Amino acid sequence: MTDRLQIAFAQLNQTMGDLRGNADAMLAARAKQPEADLVVTCELSLIGYPPEDLVLKPSLVRAAEAELQRMAEATADGGPAMLVGSVLAEDGKLHNAMALLDGGKIAAWTRKHELPNYGVFDEKRVFAPGPLPGPLAFRGVRLGVPICEDIWFPDVCECLAETGAEILLVPNGSPYELDKDDKRLSLAAMRVAETGLPLAYLNRVGGQDEIVFDGASFVMNADRRIAVQFPDWEERVTLTIWVRTAQGWVCEEGHKHRLDPYPEDIYHAMQIGLADYVNRNRFPGVVLGLSGGIDSALSAAVAVDALGGDRVWCVMMPSRFTSKDSLDDAAECARMLGCRLDTIPIEPAVEAFNAMLAPVFEGKARDITEENIQSRIRGLTLMALSNKFGHMLLTTGNKSEMSVGYATIYGDMAGGYSVLKDAYKTTVFALSRWRNANRPKLALGPNGPVMPERVITKPPTAELRENQKDQDSLPPYEVLDPILTGLVEEELSVAEIVARGFDRETVARIERLLYVAEYKRRQSPPGVKIGVRNFGRDRRYPITNAFRTS
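10 is the number of the first residue of the sequence shown in our numbering; add one for each residue after it.
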């Protein structure tokens, strides 16, 4: 009987669909821990997560089978076994599964039982559920391997404990969202209390389109104390030592990394989400409009921290309504960030458009149409630069604006990605203040402030007409954002939000704007998910919709 076990956990940042690259990264992690008995990797670590309909492609499944066999053969050297996440095609069904590779072969499989089908998850669309699993026999130890969603319900872990599991190893693909680390710890503590077994929770790290994974893996002993805490946002391969005692298996104390508090965690989510999206889609860099306002300044700061100043191209596009303060603030922001800034006045194009449309617009008063022409000329200009030089256009709108449609479709909404898409304006202020006082870990940007203080403190404005302010059209953001949180994240009615002390007319108006703007959001670029209900995979509303709660 084995009384000592060395398990290495590989918290890796892997690329969707790069089967050879992902396999090699896992084999490299194994090579770094030759003294380990077992190297554990994340859910679907060979393919990537979430794979969506990619796994419905038979050639992908065949390629995954071949790579997994290659990895299995590598374990014939007498070194560590491996627990690898992949797909298992069996009896005409496809399973999300973990393969135990040992002694040069695939020694065993275990299949995911609970398939999530909510929020960002659509696993029932592509996978079949496996049966309630039993433990895997491994070198004298019985290992329970519940896969991600399997620990969100008691059944799987209870079944594993009742059938003899001694340790719970939990491979995950758990996306980041606010306060998710607390939820995971609470969940793990529940399963440990119910089973009396220690639990190792392994999560992936990195960005996959809109979803970001924060890592933050941990080991919890049967007394519900944390023995090892991995860092968030960083790759890490860590060896843990397990000892059999009279009370069962215990993981020896290891390093306990500090996890990021708010709003630092959000900033790092944006940083790694953008970096992985740009780099894996092979863009040379990003281009964005720098207006002198806080949204574009924060977007530029995240981009520089993610990619480096030499890969971020800012463009100021002034019109007759652009103030000197905005020009000065944009220039100073670019200087502080160390990135390129070009100024391309749009007034000649605005005049040409107005002249072109004058015969058709004759007799019509000037209105928002002329304001939106300016925004669309800016979008056209930035897309021309993107087209010519290959840089991805980064949009700079925030969630407050996108919620109520305070954005111009085919104008400032034009672009390939948005770091602020899931950040309300009050969060934008908090992030900007934090970044001016702190330099993020792994940042490629400068130490010290990244935007003038005035950018944070001045009233927000789109500068599409004389003396325009956001609050001409919207309630103050400290009022708007809690209303939106109630409508979007909590799905409350107007009456329920009014009961919290808000004005009924204001709440009803915001609800109407939220629903009317659905068609715009359907055409918005992807962006980093940071909350429990982002516009995209989390919240799927019909565009044509007559329902209102007011």
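Built from N, CA and C at the ideal position, the CB exists for glycine as well. In this text, all values refer to a predicted model and were calculated from it rather than measured experimentally.
By DSSP, does residue i sit in helix, in strand, or in coil?
i	result
proline 184	strand
serine 384	helix
valine 313	helix
tryptophan 161	coil
threonine 390	helix
proline 106	Contrary to the premise, residue 106 reads as alanine rather than proline in this sequence. Reduced to three states, the DSSP call for alanine 106 is strand.
glycine 215	strand
alanine 303	First, the amino acid is wrong: residue 303 is isoleucine here, not alanine. Note: isoleucine 303 maps to helix in three-state DSSP.
isoleucine 275	helix
phenylalanine 398	helix
tyrosine 415	coil
alanine 146	strand
arginine 289	helix
glycine 153	strand
Measure the Cβ-Cβ separation of residue i and residue j and say whether it is below 8 Å.
i	j	result
tyrosine 286	glycine 182	no
lysine 434	methionine 411	no
cysteine 323	arginine 349	yes
leucine 92	valine 135	no
leucine 440	tyrosine 276	yes
valine 296	leucine 391	yes
aspartate 218	aspartate 241	no
isoleucine 176	tryptophan 251	yes
aspartate 12	arginine 253	yes
glycine 257	alanine 231	yes
glycine 298	valine 321	no
leucine 402	glycine 425	yes
threonine 470	lysine 478	yes
asparagine 22	glutamate 244	yes
threonine 119	glutamate 167	no
methionine 80	leucine 53	no
glutamate 527	asparagine 554	yes
leucine 14	valine 150	yes
valine 537	alanine 306	no
By Cβ distance, which residues of its chain are closer than 6 Å to residue i, with the 5 residues on each side in sequence left out?
i	result
lysine 189	none
arginine 548	Arg542
glycine 495	Leu501, Ile506
asparagine 456	Arg448
leucine 178	Val49, Leu152, Val154, Ala209
leucine 124	Glu132, Lys133, Phe136, Pro138
Just to confirm my understanding: we take residue i, look at its own chain, exclude 5 residues before and 5 after, and list those with CB closer than 8 Å. What are they?
i	result
alanine 73	Leu28, Leu55, Ile56, Ser95, Val96
glycine 454	Ala310, Val313, Asp314, Gly317, Gly318, Leu346, Gly347, Arg448
glutamate 462	Asn445
threonine 354	The question names threonine, yet the displayed sequence has proline at residue 354. Counting only Cβ-Cβ distances below 8 Å, and skipping sequence neighbours, we find Met326, Pro327, Ser328.
Sorted by chain position, which residues of the same chain lie with C-beta nearer than 7 Å to residue i's C-beta, five sequence neighbours on each side aside?
i	result
asparagine 407	Asp304, Leu429, Ala432, Tyr433, Lys434, Val437
alanine 40	none
leucine 483	Val413, Tyr415, Leu489
alanine 225	Asp190, Asn212, Phe239, Asp241, Leu268
glutamate 498	Gly540, Val541, Arg542
serine 308	Leu297, Leu403, Thr405, Val428, Leu429
Just to confirm the assignment, what range does the alpha helix (DSSP H) spanning residue i have?
i	result
glutamine 78	67-83
alanine 32	28-41
asparagine 363	356-370
lysine 114	Premise fails: lysine 114 lies in the beta strand (DSSP E), 114-120, not in any alpha helix (DSSP H).
cysteine 342	333-346
aspartate 190	189-204
Just reading off the beta strand (DSSP E) that residue i is part of, what are its end residues?
i	result
cysteine 260	257-260
phenylalanine 136	Where phenylalanine 136 is concerned, there is no enclosing beta strand (DSSP E), given that its DSSP letter is neither H nor E.
lysine 373	Where lysine 373 is concerned, there is no enclosing beta strand (DSSP E), given that its DSSP letter is neither H nor E.
serine 95	90-99
isoleucine 235	235-238
aspartate 351	349-352
glycine 298	295-298
phenylalanine 18	13-20
arginine 253	245-254
tryptophan 322	321-325
phenylalanine 222	220-223
Confirm the yes/no value for this check: CB of residue i, any heavy atom of the ligand FAD, distance under 7 Å.
i	result
phenylalanine 370	This structure does not include the ligand FAD; it has no bound ligands of any sort.
Legend entry - 4 or more residues per run - each alpha helix (DSSP H) lying fully within the segment 494-545: As far as the segment 494-545 is concerned, its whole alpha helix (DSSP H) runs of at least 4 residues are 503-507, 513-525, 527-531.
Inset, instruction - Let me know the alpha helix (DSSP H) ranges lying completely inside the segment 425-484, each 4 residues or longer, listed in chain order. - result: List check, alpha helix (DSSP H) in window: 434-446, 462-466.
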